Structures are given as C-alpha cells and as structure tokens.
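Report on the structure given below.
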Amino acid sequence: MSTQTSRPRVWVSRPLFDDILDRLREYFDIEVEERDRDWTREQMAQKLRDKAGAILGVADPVDAGVIAQTPLLRAIANRGVGYNNLDIAALKKAGIVATNTPGVLDETTADFAWALMLATARRVTEAERFLRAGQWQGMSFHILLGGDVYGKTLGIFGMGRIGQAIARRAAGFRMPVIYHNRSRLDVATEVDCKAEYVGREELLARADFLVLALPMTAQTRHAIGAAELASMKRDAYLINIARGGVVDDAALIAALKEKRIAGAGLDVFEREPIVPADMLALDNVVLTPHIGSASLATRRAMASLAVDNLIAALGCGPNAGRPPNII
Ligand code: DGY
Numbered sequence: 028m029s030t031q032t033s034r035p036r037v038w039v040s041r042p043l044f045d046d047i048l049d050r051l052r053e054y055f056d057i058e059v060e061e062r063d064r065d066w067t068r069e070q071m072a073q074k075l076r077d078k079a080g081a082i083l084g085v086a087d088p089v090d091a092g093v094i095a096q097t098p099l100l101r102a103i104a105n106r107g108v109g110y111n112n113l114d115i116a117a118l119k120k121a122g123i124v125a126t127n128t129p130g131v132l133d134e135t136t137a138d139f140a141w142a143l144m145l146a147t148a149r150r151v152t153e154a155e156r157f158l159r160a161g162q163w164q165g166m167s168f169h170i171l172l173g174g175d176v177y178g179k180t181l182g183i184f185g186m187g188r189i190g191q192a193i194a195r196r197a198a199g200f201r202m203p204v205i206y207h208n209r210s211r212l213d214v215a216t217e218v219d220c221k222a223e224y225v226g227r228e229e230l231l232a233r234a235d236f237l238v239l240a241l242p243m244t245a246q247t248r249h250a251i252g253a254a255e256l257a258s259m260k261r262d263a264y265l266i267n268i269a270r271g272g273v274v275d276d277a278a279l280i281a282a283l284k285e286k287r288i289a290g291a292g293l294d295v296f297e298r299e300p301i302v303p304a305d306m307l308a309l310d311n312v313v314l315t316p317h318i319g320s321a322s323l324a325t326r327r328a329m330a331s332l333a334v335d336n337l338i339a340a341l342g343c344g345p346n347a348g349r350p351p352n353i354i
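Sequential numbering of the sequence shown, starting at 28, is according to my numbering.
Right, here's the structure in full:
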C-alpha cells in the first residue's frame with residue numbers, strides 16, 4: 028500500500044525564472060506554462076480546476092465564473108502590482124487569498140516614466156526610425172525639433188508609490204511638480220516629493236507633462252477622454268505607465284491626429300496586445316509593450332515576491348498563513 032500523500036498542485040500561468048520556481052517545487056507539484064499567451068476565462072477555469080494555488084500575470088482573468096469551477100483553489104499570487112484582472116470581492120467571498128507584489132517595482136517603473144517623457148519630447152524613437160530608414164542626409168538645423176523637458180511643469184495623476192518616485196526625480200530637471208490624487212498626501216510626503224496638490228482641472232490645464240500613475244478601477248476607467256484631452260495645453264505631452272483602460276484610446280488618437288496635444292508616450296493600451304492601426308501610424312507617439320517594470324533585477328524581485336506570497340498563503344514556509352502582500 029502506498030503511503031505517499033499527494034502534494035498541493037500549483038499553476039504558473041506564464042514562464043518565470045526557473046531558479047526562483049525551485050522554491051515552489053519544495054512544497055508543491057507545479058505546472059508551468061512554457062510560453063506567454065493570453066488566457067480566456069474558460070481556459071483559466073480549466074487550468075485552475077485541480078489547483079490549490081496559482082501565480083498569475085496581470086492580464087490573466089479570475090472572476091466569479093472562474094471561481095465557481097475551481098473548488099480546490101485557496102490562493103492566487105499576482106505577479107505584478109496591478110490586480111484589475113482579479114475580482115477581489117468574489118475571491119474574498121470564496122475565501123481565496125489574493126496577493127500582489129507592491130514596493131519592488133516602484134523605482135524601475137518611475138525610471139521608465141522618465142524614459143517615455145524624454146523619448147516623447149525629444150522624438151527619440153521617431154529619430155531612430157528616420158536614421159535606420161536611411162533618411163539622414165547630413166546635419167540639418169531644423170531636423171526633428173522636439174520639446175524641452177527641463178524646467179517644464181510635471182503633472183502627476185495618481186500619487187501612490189510610483190507617482191511619488193516619479194516626482195522625486197523631477198528635482199534634477201528643475202521641474203515644478205503638481206499632482207492630483209483621490210486623497211491628498213500628508214505634508215511630509217508632499218515636502219519630500221516637492222509636489223503641490225491641485226484639483227483635477229488645474230492639473231490638466233497646467234501640466235506640460237501629464238503622467239498617469241493611477242490604478243485601473245471602475246472609477247478610473249477613461250479618466251482621460253476627449254474632454255480631459257481638450258483641456259490640456261496644445262504643447263503638452265501625455266504619458267501613460269499605468270493601465271490602458273485609464274485612457275480612452277480612440278479619443279487620444281483623435282487628439283494626436285489633430286495635434287491637440289504635442290504627443291504621447293504609452294506603455295499600456297486598452298486592448299493589449301492589440302494596438303490600434305491608427306495609433307501605429309502616428310509619429311507623435313512613442314509606443315512600448317507594457318515594459319514599465321521590466322528590468323531584470325525588478326522582474327526577478329517580483330517573481331520572488333509572488334513565490335513567497337504563494338508559499339505563505341498556502342500555509343508553508345517561514346511565513347506560513349501570513350502572506351506579506353494580501354490585497
Ligand atoms: C504591474 O505590476 O502591475 C505591472 O504592470 C506588470 O508589469
């Protein structure tokens with residue numbers, strides 16, 4: 028008679044650093060996907076049916092319909108800070124613990140917001156396309172004239188940890204910082220960030236660079252649409268490192284086509300990985316494939332945190348039952 032007891036099963040929905048996954052293998056039987064793909068709800072339910080836990084990407088959906096088909100599921104560790112892929116209320120109701128990876132990606136994502144600000148204003152990707160296409164005929168005084176960054180007003184919409192990290196970098200560029208947030212920051216944090224709290228309308232009207240660092244929720248969907256774009260300065264730039272749905276992509280395309288703002292730097296889109304053809308055709312927009320947190324060190328830290336969260340949430344390891352980052 029076999030005395031072997033079966034170990035809980037865990038699903039890892041996308042490839043992840045194998046040496047980090049070894050820590051999961053100590054406790055669980057794991058099934059790891061070998062390539063990135065987008066999962067439908069039906070496929071999620073099928074994959075999770077016999078699993079106690081999962082490490083998911085921020086686009087892998089879990090809602091009440093999925094949960095109804097996953098009786099063994101006890102914990103989900105999102106491998107990212109955003110969790111708009113998860114129906115948190117439904118998970119709580121079903122007693123399933125959900126975690127995310129806050130704290131480890133703030134600085135890297137803030138760096139990337141600045142990369143997009145600089146690239147957009149100084150037309151870096153457009154300039155490279157021009158050079159690679161063999162169009163550079165020699166030095167021209169009027170070539171690819173862009174906007175300045177130094178000294179301009181930085182407006183930040185959403186002043187959580189990432190927004191604050193973006194603000195702190197502005198001192199070197201001698202940029203006044205204004206921000207709008209659901210709730211105003213305490214004075215010490217405002218002083219540390221050298222940031223002035225303003226109303227939403229004032230933020231839109233004054234910012235030369237409007238950087239979005241909001242979470243995606245029912246309240247923030249299309250926070251930037253036609254009306255908001257119309258109240259921005261004509262020479263302002265919009266930067267989105269948050270979530271695609273925060274911006275109405277169709278309204279933004281119209282504003283960019285009609286040069287109602289100077290340009291946009293976008294790392295996220297409404298229907299990722301689909302980017303509208305009209306957007307791809309525009310030169311006054313810098314487009315990147317959701318890589319805000321994608322430095323090697325940060326992605327390893329996120330993977331590591333997700334693994335620690337899941338081990339603890341499933342009652343194992345040094346923090347058994349006390350996962351550090353419950354949502
Ligand atoms: C996050 O953590 O939410 C990022 O968008 C994933 O890279």
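Don't be surprised by glycine CBs; every beta carbon is placed ideally from N, CA and C.
Because the structure is a prediction, the values reported are computed rather than measured.
Counting by C-beta, which residues lie closer than 5 angstroms to a heavy atom of the ligand DGY, in chain order?
V85, G107, V108, G109, S320
Taking one C-beta from the segment 260-274 and one from the segment 286-299 each time, how about it: are there three or more such pairs within less than 8 angstroms?
yes
By how many angstroms is the C-alpha of D63 removed from the C-alpha of F236?
Along the sequence shown, one-based indexing puts residue 236 at 209. Along the sequence shown, one-based indexing puts residue 63 at 36. If you take the alpha carbons of F236 and D63, they lie about 33 angstroms apart.
For the segment 217-230 against the segment 190-202, are there 3 or more C-beta pairs whose distance is under 8 angstroms?
yes
So for I318, helix, strand or coil by DSSP?
For the purposes of this step, residue 318 is taken as the residue at position 291 of the sequence shown. Three-state result, I318: coil.
Kindly indicate which residue of A347, N127, A330 has the alpha-carbon position closest to the one of P42.
Stepping through the sequence shown from its first residue, residue 42 is reached at position 15. Of A347, N127, A330, the residue nearest in Cα terms is A330.
If we call anything under 8 angstroms between Cβ atoms a contact, is L99 one with D77?
As a working mapping, residue 99 is identified with position 72 in the sequence shown. As a working mapping, residue 77 is identified with position 50 in the sequence shown. Yes; because the gap between Cβ atoms is below 8 angstroms, this pair is in contact.
Which ranges does the beta strand (DSSP E) cover as unbroken runs of at least 3 residues, wholly within the segment 117-157, from first to last along the chain?
124-126
Helix, strand or coil: which one does DSSP assign to V273?
Taking the sequence shown and counting its residues from 1, one reaches residue 273 at position 246. It is helical.
Chain-order list of residues whose beta-carbon lies under 8 angstroms from that of E228 (same chain, five-residue window excluded)
Here residue 228 refers to the residue found at position 201 of the sequence shown. Here the set comprises S258.
Does the Cβ of G80 have 16 or more other Cβ atoms within 10 Å, making it buried, or fewer, making it exposed?
The residue labelled residue 80 in the question sits at position 53 within the sequence shown. With 16 or more other Cβ atoms within 10 Å, it is buried.
Using a 10 Å radius around the Cβ and a threshold of 16 neighbouring Cβ atoms, would you call L212 buried or exposed?
To locate residue 212, count along the sequence shown from 1; it is residue 185. Buried.
Per DSSP, A291 forms a beta bridge with which residues?
Mapped onto the sequence shown, residue 291 falls at position 264. Paired residue(s): L265, V312.
Under the three-state reduction of DSSP, which class applies to N105: helix, strand or coil?
The residue labelled residue 105 in the question sits at position 78 within the sequence shown. Here N105 sits in strand by DSSP.
Does DSSP classify F44 as helix, strand or coil?
Walking along the sequence shown from the start, residue 44 turns up at place 17. Of the three classes helix, strand and coil, the one that applies to F44 here is coil, per DSSP.
By Cβ distance, which residues of its chain are closer than 8 angstroms to V312, with the 5 residues on each side in sequence left out?
Taking the sequence shown and counting its residues from 1, the one referred to as residue 312 is at position 285. Hits under 8 angstroms: T147, L283, G290, A291, G292, L293, M306.
What is the rounded straight-line gap between the Cα of I47 and the Cα of R327?
Counting from one through the sequence shown, the residue named residue 47 turns up at place 20. Counting from one through the sequence shown, the residue named residue 327 turns up at place 300. Each residue's alpha carbon lies about 8 angstroms from the other.
R118 and V151: beta carbons closer than 8 angstroms?
Within the sequence shown, residue 118 is the residue found at index 91, counting from 1. Within the sequence shown, residue 151 is the residue found at index 124, counting from 1. The sequence shown places Leu at residue 118, not Arg. No, the Cβ-Cβ distance between L118 and V151 is not below 8 angstroms.
Please confirm if the segment 101-111 is in contact with the segment 64-74, defined as three or more CB-CB distances below 8 angstroms between the two stretches.
no
Considering only residues of the segment 51-77, which uninterrupted alpha helix (DSSP H) runs meet the minimum length of 4 residues and lie entirely inside it, listed in chain order?
68-75
Identify every residue that forms a DSSP beta bridge with R227.
In the sequence shown, counting from the first residue as 1, residue 227 sits at position 200. The partner list for R227 (beta bridge, DSSP) is empty, contrary to what the question assumes.
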